[in-house]
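Chemist: Protein chains in written order, with the numbering used here: chain Y, 3 to 251; chain D, 5 to 237; chain Z, 6 to 256. Glycine included, each C-beta is placed from N, C-alpha and C at the ideal position. Because the structure is a prediction, the values reported are computed rather than measured.
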Amino acid sequence: MSDPTFRDTTLTGATPRESESPVLPGLLAATWLIASKDLAIEFRTRTAFFSALVFALLGLTIFFFAWDPTAVAAIDLAPGVLWVIFTFSGLLGLQRSFGVEQADRAMDALLAAPVEREAIYLGKAVANFLFVVGVQVIAIPAVALFYNVPLGSIWLSLTGIAVLAALGIVAVGTLFSAMAVNTRLAELLLPMLSLPFFVPVVMAAAQTTSRLLAGRPEAEAWPWLRILLGFDLVFVLACAIAFPYTLDE
Amino acid sequence: MTTERRRAPLVDMWIIIAAIAVIAAYVRVIWFTPAEATQGLAQKIYYLHLPAALNAYLAFGVVFVTSIVYLWLHEERADRVAEASAEVGLLFTTVVLTTGPIWGKPIWGTWWTWDARLTLTLFLWFIYAGYIVLRGAIVEPSLRARYSAVLGILGALLIPFIHMSVYLFRTLHPMPIVLKPDRPSLPPEMLHTLMFSFAAFVLVYLALVRARYRLSAERARVAELEASLEGGR
Amino acid sequence: MSAALQPKSQPQVHRPVVEAEGLVRTFGARRAVDGVSLSLGGGECLALFGPNGAGKTTLLRLLAGLLAPSAGTCLVGGVALRADGGRAARSRVGLISHASMLYAALSARENVEFAARMYGLRHPADAAMRALKTMRVADRADAPVRSLSRGLQQRVSIARAIVHDPLLLLCDEPYTGLDEVGSAALTEALGERRAHGAALMLVTHNLSEGLALATHAAIMRRGRFVRYEERGAVDGPSYASAYRELVTADV
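#1: Does Ile-224 of chain Z come out as helix, strand or coil in the three-state DSSP assignment?
#2: Could you check whether Ala-207 of chain Y and Val-145 of chain Y sit closer than 8 Å to each other, using their CB atoms as the reference points?
#3: Expressed to the nearest angstrom, what Euclidean distance is found between the alpha-carbon atoms of Ser-75 of chain Z and Leu-64 of chain Z?
#4: Looking at C-alpha atoms only, which residue of D:Ser-71, D:Val-143, D:Pro-164 and D:Phe-165 is the closest neighbour of Val-85 of chain D?
#5: Could you give the C-beta distance for Glu-115 of chain Z and Pro-129 of chain Z, rounded to a whole number, given that I count them as a contact under 8 Å?
#6: Considering Cα atoms alone, identify which of D:Leu-219, D:Leu-233 and D:Leu-212 is closest to Pro-96 of chain D.
#7: Which class does Tyr-247 of chain Y belong to by DSSP, given the choice of helix, strand or coil?
#8: Using the three-state DSSP reduction, which class does Leu-219 of chain D fall into: helix, strand or coil?
#9: Mind checking whether Pro-202 of chain Y and Arg-119 of chain Y have CB atoms under 8 Å apart?
#10: Return the CA-CA distance between Gly-91 of chain Z and Ser-201 of chain D, expressed in angstroms with no decimal places.
#11: If Leu-101 of chain D and Leu-124 of chain D are in contact, beta carbons under 8 Å, what's the gap, nearest whole angstrom?
#12: Report the residue from Z:Arg-232, Z:Glu-197 and Z:Ser-243 whose alpha carbon sits nearest the alpha carbon of Ser-213 of chain Z.
#13: Tell whether a beta-carbon distance below 8 Å holds between Leu-173 of chain Z and Ala-132 of chain Z.
#14: Buried or exposed, going by whether 16 or more other CB atoms sit within 10 Å of the CB of Pro-21 of chain Z?
#15: Taking 8 Å as the CB-CB limit, is Ile-49 of chain D close to chain Y?
#16: DSSP on Arg-165 of chain Z, reduced to helix/strand/coil?
#17: Between Leu-230 of chain Y and Leu-166 of chain Y, how many whole angstroms is the CB-CB distance? I'm expecting something under 8 Å.
#18: Express the C-alpha separation of Met-168 of chain D and Ala-244 of chain Y in angstroms, rounding to a whole number.
#19: By the criterion of Cβ-Cβ separation under 9 Å, what are the contact partners of Arg-66 of chain Z in chain D?
#20: Contact defined as beta carbons within less than 8 Å: I believe Pro-179 of chain Z pairs with Gln-159 of chain Z. What is the distance between those atoms, to the nearest angstrom?
#21: So, helix, strand or coil for Tyr-233 of chain Z, using DSSP?
#22: Are the C-beta of Ser-146 of chain D and some C-beta of chain Z separated by less than 8 Å?
#23: In or out: Ser-23 of chain Y buried (at least 16 other Cβ within 10 Å) or exposed?
#24: Are the C-beta of Thr-104 of chain Z and some C-beta of chain Y separated by less than 8 Å?
#25: Could you compute how far the alpha carbon of Ser-89 of chain D sits from the alpha carbon of Tyr-30 of chain D?
#26: Using beta-carbon positions only, say whether Leu-53 of chain Z and Val-208 of chain Z come within less than 8 Å of one another.
#27: Work out the CA separation of Ala-227 of chain D and Val-186 of chain Z for me, nearest whole Å.
#28: Once you ignore the five residues that flank Ala-121 of chain Y on each side, which residues in its own chain have a CB closer than 7 Å to its CB?
#29: Cutting at 7 Å between CB atoms, please list the residues of its own chain near Ala-76 of chain Y, excluding the five before and the five after it.
#30: Which runs of the beta strand (DSSP E) at least 3 residues long sit entirely within the stretch 25-53 of chain Z? Give them in chain order.
#31: Just how far apart, CA to CA, sit Ala-1 of chain D and Arg-148 of chain D?
#32: Go to Thr-192 of chain Z, then tell me how far its alpha helix (DSSP H) extends in each direction, as first and last residue.
#33: Is it buried or exposed for Lys-13 of chain Z, if we count other Cβ within 10 angstroms and need 16 for buried?
#34: Evaluate Met-106 of chain Z with the Cβ neighbour count: other Cβ atoms within 10 Å of its Cβ, from every protein chain shown; 16 or more gives buried, anything less gives exposed.
#35: Please classify Gly-113 of chain D as buried or exposed, where buried requires at least 16 neighbouring CB atoms within 10 angstroms.
Following this line, the structure appears as structure tokens:
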């Protein structure tokens, strides 16, 4: 930048220390930069997080009133409700993920920056992950409260499941969010494309939760967890690799 | 680039041959194949159901491979084949999902059961539908091709996970007992009919994909001509 | 090549900031950029005119690293466009467009600091304030961008684009939507950048605004330069009528 081959350095008006050459952020640094930028925006407006939270709570309420407690025990219903609501409130967060880059074409500035393309995907995925986990921090206790189920007894395992499940839906959802935002049917396409991919995640999470709640041995939950882990591994990698291909280059 | 100047007819030799093959297959199914002892006449729909299913998965495999080819080589023709194969695949998948219950009702007593294969086919249907809606939502050809290719590849990666999940679900949850509809003891005539039917369906697949591909190619050519008429803009 | 502003005794000949040779970009069968070559040195400004669809925006996006060329070579600040995944070249380029590329919910300071960090500056906060001061929006630094007028937003956007002191500044129709005051501020800012040794490429429909800053002028049509000359050789009125002719010829 202050390379004297191209122009005279004294003219740039730079103070001596500024002519230290910049260090381009690496993958992790850029990822964190973009994630914190997204979180800052979300924190400033708070609307998306609040909406997702309210949606989750409303959903829990509606399911409650649609339920016949004499036919199905709470302990059988709750895991399913928990993870279905998790999926749909997660979608709300994912919707806005790339929307923020579309307004005023901020995405162009991201693409013009000297960071690796994968960092854009990973940064947004990290922000989405924190968003989804944030909603869960409130939604899970809400389920315990509304349905009167002792989720606290398995809170450690439940945290693990929540983290793995969030990772899975965020990996796929972030990529599809990047794609959907460039189409004409963005709000319709994101759920339509993502939900088939969410199914193994929801299944594994719900089945594991219900087994643990019923006090069954952990070994029974293990096959489901294996599927969830495998899913996370495969799709975080596949989506990070696929992301640059969605860009016009 | 050489172009055929004569207008190729929409219904060409491929389609005619495929149509004849299918009709022949069904004549054979209906009149020349014995009915299965326990399942009766309803079983004959199996000759429609299984080949359709196999071709639906074949079509999906083609989408997967051509998606990779497109991302790797940026070859437009690969994208057109993928598009054609997806649409034909959706058709076949719909056939599977409708013939399944029609066959199943007399045998299982219920219209739908979360049979492992049927469920997997349902997800195939969802992925196909998403693929086609995605394509419909994008106007710009290279963007459309890129996004479709990504979905085609990710969808293929999803299938094993659906399979594993459904399998695990079913082994842990007893489902309505399904009389074995598989083929362990198919007498030779039925096997031959099945293979004949399968061959006929493959011909239908090829003929339809070819026709759809040509439609795509012609549309692209029209768009090209329009663009050059406007002065290359 | 520009011995633009000599510091002391020796007239130092600088290398060109941008050297492009035969740049091509196709979209399917359409050649949006069809063999463009140019060479621009520090302190020079190329004003790029042309009808809609001529490929001006595509050319700028190629140089900014938003698109990859289908063919041709290009050096920006001495590094190849695609070297190191394009990062090296992109670090030397700043992009201004008619869209602000800002995050409306964040403040001007936060937007520019974010850019400063993305470009790896050692002291991002200081650099951001300096850029905002240069663009005379430092007093509104902490207001959310959405509360600023379009003219002020554009100034913040320029601050964002220059915070890393780019060698090459690409401007795609930056005057769009700006009023008199805003346009004057923009011209002043771009002129200042030019005086600081940056190379500028300015795409605009406004001939007078473009020629005001230009050291070179080009007209692009169907992906190629159909005219390319030094500013000194350009006579305002005759250029304007030649331009009008070329534009209407396409209709």
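Modeler: Considering the structure as presented:
#1: Numbered from 1 along the third sequence, position 219 holds the residue referred to as residue 224 of chain Z. The answer is strand: DSSP assigns Ile-224 of chain Z an E or B state.
#2: Along the first sequence, read from residue 1 onward, the residue named residue 145 of chain Y stands at position 143. Along the first sequence, read from residue 1 onward, the residue named residue 207 of chain Y stands at position 205. Taking C-beta atoms as the reference points, Val-145 of chain Y and Ala-207 of chain Y fail to come closer than 8 Å.
#3: By 1-based counting over the third sequence, the position of residue 75 of chain Z is 70. By 1-based counting over the third sequence, the position of residue 64 of chain Z is 59. Roughly 12 Å between the two C-alpha positions.
#4: Within the second sequence, residue 85 of chain D is the residue found at index 81, counting from 1. The shortest C-alpha separation from Val-85 of chain D is found at D:Ser-71.
#5: Mapped onto the third sequence, residue 115 of chain Z falls at position 110. Mapped onto the third sequence, residue 129 of chain Z falls at position 124. Beta-carbon to beta-carbon, Glu-115 of chain Z and Pro-129 of chain Z are separated by about 11 Å, too far to satisfy the 8 Å threshold.
#6: As a first step, residue 96 of chain D must be located in the second sequence, where it is residue number 92. Checking the sequence shown, residue 96 of chain D turns out to be Phe, not Pro. Nearest neighbour of Phe-96 of chain D by Cα position, chosen from D:Leu-219, D:Leu-233 and D:Leu-212, turns out to be D:Leu-212.
#7: The residue you call residue 247 of chain Y lines up with position 245 of the first sequence. Taken through DSSP and simplified to helix, strand or coil, Tyr-247 of chain Y comes out as helix.
#8: Translated into positions along the second sequence, residue 219 of chain D becomes position 215. Leu-219 of chain D: helix per DSSP, three-state reduction.
#9: Here residue 202 of chain Y refers to the residue found at position 200 when the first sequence is read from its first residue. Here residue 119 of chain Y refers to the residue found at position 117 when the first sequence is read from its first residue. No, they are not a contact pair.
#10: As a working mapping, residue 91 of chain Z is identified with position 86 in the third sequence. As a working mapping, residue 201 of chain D is identified with position 197 in the second sequence. Taking the straight line joining both Cα atoms gives about 54 Å.
#11: For the purposes of this step, residue 101 of chain D is taken as residue 97 along the second sequence, with counting starting at 1. For the purposes of this step, residue 124 of chain D is taken as residue 120 along the second sequence, with counting starting at 1. With a Cβ gap of about 11 Å, Leu-101 of chain D and Leu-124 of chain D do not count as contacting.
#12: For this step, residue 213 of chain Z is matched to residue 208 along the third sequence. Out of Z:Arg-232, Z:Glu-197 and Z:Ser-243, Z:Ser-243 has the C-alpha closest to the C-alpha of Ser-213 of chain Z.
#13: Walking along the third sequence from the start, residue 173 of chain Z turns up at place 168. Walking along the third sequence from the start, residue 132 of chain Z turns up at place 127. No; because the gap between Cβ atoms is not below 8 Å, this pair is not in contact.
#14: Within the third sequence, the letter at position 16 stands for residue 21 of chain Z. When all chains shown are included, Pro-21 of chain Z counts as buried.
#15: By 1-based counting over the second sequence, the position of residue 49 of chain D is 45. For Ile-49 of chain D, the answer is no, since every Cβ of chain Y falls outside 8 Å of its Cβ.
#16: Here residue 165 of chain Z refers to the residue found at position 160 of the third sequence. In the three-state DSSP reduction, Arg-165 of chain Z falls in the helix class (H, G or I).
#17: Taking the first residue of the first sequence as 1, we reach residue 230 of chain Y at position 228. Taking the first residue of the first sequence as 1, we reach residue 166 of chain Y at position 164. By a beta-carbon distance limit of 8 Å, Leu-230 of chain Y contacts Leu-166 of chain Y. Their separation comes to about 5 Å.
#18: As a first step, residue 244 of chain Y is located in the first sequence; it is residue number 242 there, counting from the start. As a first step, residue 168 of chain D is located in the second sequence; it is residue number 164 there, counting from the start. Cα atoms of Ala-244 of chain Y and Met-168 of chain D: separation of roughly 24 Å, rounded to the nearest angstrom.
#19: As a first step, residue 66 of chain Z must be located in the third sequence, where it is residue number 61. Those within 9 Å of Arg-66 of chain Z in chain D number zero; the least Cβ separation is about 14 Å.
#20: Against the third sequence, residue 179 of chain Z aligns to sequence position 174. Against the third sequence, residue 159 of chain Z aligns to sequence position 154. That belief holds up - the Cβ atoms of Pro-179 of chain Z and Gln-159 of chain Z are roughly 7 Å apart, short of 8 Å.
#21: On the third sequence, position 228 is the one that residue 233 of chain Z refers to. Reduced to three states, the DSSP call for Tyr-233 of chain Z is strand.
#22: Within the second sequence, residue 146 of chain D is the residue found at index 142, counting from 1. Cβ-Cβ to chain Z under 8 Å: yes for Ser-146 of chain D.
#23: Within the first sequence, residue 23 of chain Y is the residue found at index 21, counting from 1. It counts as exposed.
#24: Indexing the third sequence from 1 puts residue 104 of chain Z at position 99. The amino acid at residue 104 of chain Z is misidentified as Thr; the sequence shows Ala. So yes, Ala-104 of chain Z belongs to the interface.
#25: Locating residue 89 of chain D in the second sequence gives position 85, where the first residue counts as 1. Locating residue 30 of chain D in the second sequence gives position 26, where the first residue counts as 1. In a straight line, the C-alpha of Ser-89 of chain D is about 24 Å away from that of Tyr-30 of chain D.
#26: Counting from one through the third sequence, the residue named residue 53 of chain Z turns up at place 48. Counting from one through the third sequence, the residue named residue 208 of chain Z turns up at place 203. It is a contact, given that the beta carbons lie within the stated cut-off.
#27: As a working note, residue 186 of chain Z is residue 181 in the third sequence. As a working note, residue 227 of chain D is residue 223 in the second sequence. In a straight line, the C-alpha of Val-186 of chain Z is about 44 Å away from that of Ala-227 of chain D.
#28: Here residue 121 of chain Y is taken as the residue at index 119 of the first sequence, counted from 1. Taken in chain order, the residues that qualify are Leu-29, Ala-32, Thr-33 and Ile-36.
#29: In the first sequence, counting from the first residue as 1, residue 76 of chain Y sits at position 74. Once the five neighbours on either side are set aside, the close Cβ partners of Ala-76 of chain Y are Tyr-149, Asn-150 and Val-151.
#30: Within the stretch 25-53 of chain Z, the complete beta strand (DSSP E) segments at least 3 residues long are 35-46, listed from N- to C-terminus.
#31: Here chain D covers residues 5 to 237 and nothing more, so residue 1 of chain D does not appear.
#32: Here residue 192 of chain Z refers to the residue found at position 187 of the third sequence. DSSP places Thr-192 of chain Z in the uninterrupted alpha helix (DSSP H) bounded by 185-200.
#33: For the purposes of this step, residue 13 of chain Z is identified with residue 8 of the third sequence, where counting begins at 1. Low confidence applies to Lys-13 of chain Z: its pLDDT is 47, below 50, so where it sits in the model is not reliable, and the reading given next is rough at best. By the neighbour-count definition (other C-beta atoms within 10 Å, threshold 16), Lys-13 of chain Z is an exposed residue.
#34: Here the question's residue 106 of chain Z lines up with position 101 in the third sequence. Buried is the call here.
#35: In the second sequence, the residue the question calls residue 113 of chain D occupies position 109. Exposed, because fewer than 16 other Cβ atoms sit within 10 Å of the Cβ of Gly-113 of chain D.
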